[in-house]
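In this note's numbering, the protein residues as written are 109 to 471.
All C-beta atoms in this analysis are idealised placements derived from N, C-alpha and C, irrespective of residue type, glycine included.
On a predicted model such as this, the values are computed, not experimentally measured, just so you know.
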Ligand code: SPD
């Protein structure tokens, strides 16, 4: 379990003070829609990626390196806040990061991202308009959608009897020490808000107090907090039920028919995780070449095969099997998506959200 000591707000402040304002060295990348090697920057053969764990398959990294001759280094994080904390502490020197929508919004507000040259990323045309030009980054000036997804409930029918429809069926006294949840304060608070009929972005002090009341009952029931691989505790039988990322749920459904999935009756949210270039990145052209590379249908399919989230790439979806497309944890229905909000940047309230969950976890 990771303990977060830096909030979104304080990390952003540290990042701004660190001054991500140096001019990057850029070089042209080949403008191609073909699945051949993207051109590397002439003066640099490096690319440093800081991304969520279990999201970009090593085979994709290796193929990019083999085709371009670019040496790629990869580091992982388990939450947006962890990523921002490292950037704010001056760690890394990354060329690509992978923030969720509300963090793109915050980074853009703070002028901490490098604009993306769309002429270097012709494969943007493969993305569904549903995931482009969204309010967190109008015109996708700073971000390229990687994967989308939802958070839902997965359970082992050999260990849990009865129907599971929503959070109220998960957080029941009889499930004490049988539950895994994501180790992510914004997520956890959103479930408590939804259980009270409160929209996920309405995080006023009053609503956070209501969430505190709910979570004071829920969190003592939790056995495992894990954002990297919540499926593991379910697979090894350590827990029986969980609230997890859609891609993790999809892997469990593929693994064993004893697992079931439900979109919580109280509601859930839609996340859009994107690739973005920090303002002080050294290898901008290589970062744009990587973005174009992963948007090739065959490469994007490889990503879906390994990590079955909601793939926003329509050309890649054409290469997926009917079974992959029918996995309810990977691809919510349009009707389900229509009911989902995306997280917004909530400014100073993000610190209170982190403090709220941290205080209840340690009790
Ligand atoms: N293992 C990859 C998990 C990515 C989940 N990102 C979702 C963020 C929602 N706030």
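Integer Cβ distance of residue i from residue j, believed to fall under 8 Å
i	j	result
residue 192	residue 211	7 Å
residue 247	residue 371	Not confirmed; about 30 Å, so no contact.
residue 395	residue 155	7 Å
residue 88	residue 194	Since the first residue shown for the chain is 109 and the last is 471, residue 88 is missing from the structure and cannot be characterised.
residue 252	residue 399	5 Å
residue 411	residue 164	7 Å
residue 207	residue 382	6 Å
residue 360	residue 342	6 Å
residue 167	residue 184	Actually they are not in contact, since the Cβ atoms of residue 167 and residue 184 sit about 16 Å apart, beyond 8 Å.
residue 250	residue 456	The Cβ separation is near 23 Å, so there is no contact.
residue 346	residue 332	7 Å
Contacts around residue i, its chain only, beta-carbon distance under 7 Å, and the 5 residues preceding and following it disregarded
i	result
residue 421	234, 235, 403, 405 and 408
residue 327	468 and 469
residue 417	255, 256, 257, 354, 355 and 438
residue 231	141, 400, 403 and 404
residue 225	396
residue 292	187 and 335
residue 239	253, 256, 380 and 420
residue 414	165
Closer than 8 Å to chain B by CB, residue i
i	result
residue 346	Given the protein chain composition of this structure (a single chain), no chain B is represented.
Unbroken beta strand (DSSP E) run spanning residue i, endpoints
i	result
residue 370	367-370
residue 470	Where residue 470 is concerned, there is no enclosing beta strand (DSSP E), given that its DSSP letter is neither H nor E.
residue 181	179-185
residue 350	349-353
residue 306	Run containing residue 306: none; DSSP gives neither H nor E here.
residue 288	287-289
Own chain, CB closer than 8 Å to residue i, minus 5 neighbours either side, in chain order
i	result
residue 323	296, 297, 300, 464, 465 and 468
residue 309	449, 451, 452 and 454
residue 317	none
residue 217	453
residue 442	none
residue 325	279
residue 433	425 and 439
residue 460	311, 313 and 316
residue 307	301 and 449
residue 265	366, 367 and 368
beta-carbon residue i near the ligand ZN non-hydrogen atom, thresh 7 Å
i	result
residue 295	The model on display carries the ligand SPD but not the ligand ZN.
Nonlocal neighbours in the same chain, by C-beta distance under 6 Å from residue i, ignoring five residues either side
i	result
residue 274	372, 373 and 374
residue 358	416, 435, 437 and 438
residue 143	Note on residue 143: pLDDT 38, under 50, position unreliable in the model; the coordinate value appears next. 404 and 406.
residue 244	209, 212 and 213
residue 127	Since pLDDT at residue 127 reaches only 42, below the 50 mark, its modelled position is unreliable, and no value is offered.
residue 319	297, 300 and 301
residue 284	329
residue 303	275, 322 and 374
residue 242	none
residue 444	371
N- and C-terminal bounds of the alpha helix (DSSP H) containing residue i
i	result
residue 256	Unbroken run through residue 256 is the beta strand (DSSP E), 252-264; no alpha helix (DSSP H).
residue 156	Where residue 156 is concerned, there is no enclosing alpha helix (DSSP H), although the beta strand (DSSP E) it sits in stretches over 154-160.
residue 422	422-425
residue 278	275-278
residue 167	166-176
residue 379	Segment 378-383 is the beta strand (DSSP E) holding residue 379; no alpha helix (DSSP H) there.
residue 392	392-402
residue 297	293-303
residue 411	405-414
residue 445	442-446
residue 192	188-196
residue 238	Run containing residue 238: none; DSSP gives neither H nor E here.
residue 434	430-434
* Hey, is the region 284-291 in contact with the region 338-348, meaning 3+ C-beta pairs nearer than 8 Å? -> yes
* Per the contact definition of three or more C-beta pairs closer than 8 Å, is the region 363-377 in contact with the region 195-204? -> no
* Cβ contact (3+ pairs, closer than 8 Å) linking the region 273-284 and the region 347-364 -> yes
* To do: Mind the definition here: the region 238-258 touches the region 425-432 only if three or more C-beta pairs lie below 8 Å; say whether that holds.
  => no
* Asked: Within the chosen definition, does the region 161-177 reach the region 211-224 through at least 3 CB pairs nearer than 8 Å?
  -> no
* Asked: Can you give, in chain order, each stretch of the beta strand (DSSP E) that sits fully within the region 312-338 and has at least 3 residues?
  -> 330-333
* Minimum length 3: unbroken beta strand (DSSP E) runs contained in the region 201-232 -> none
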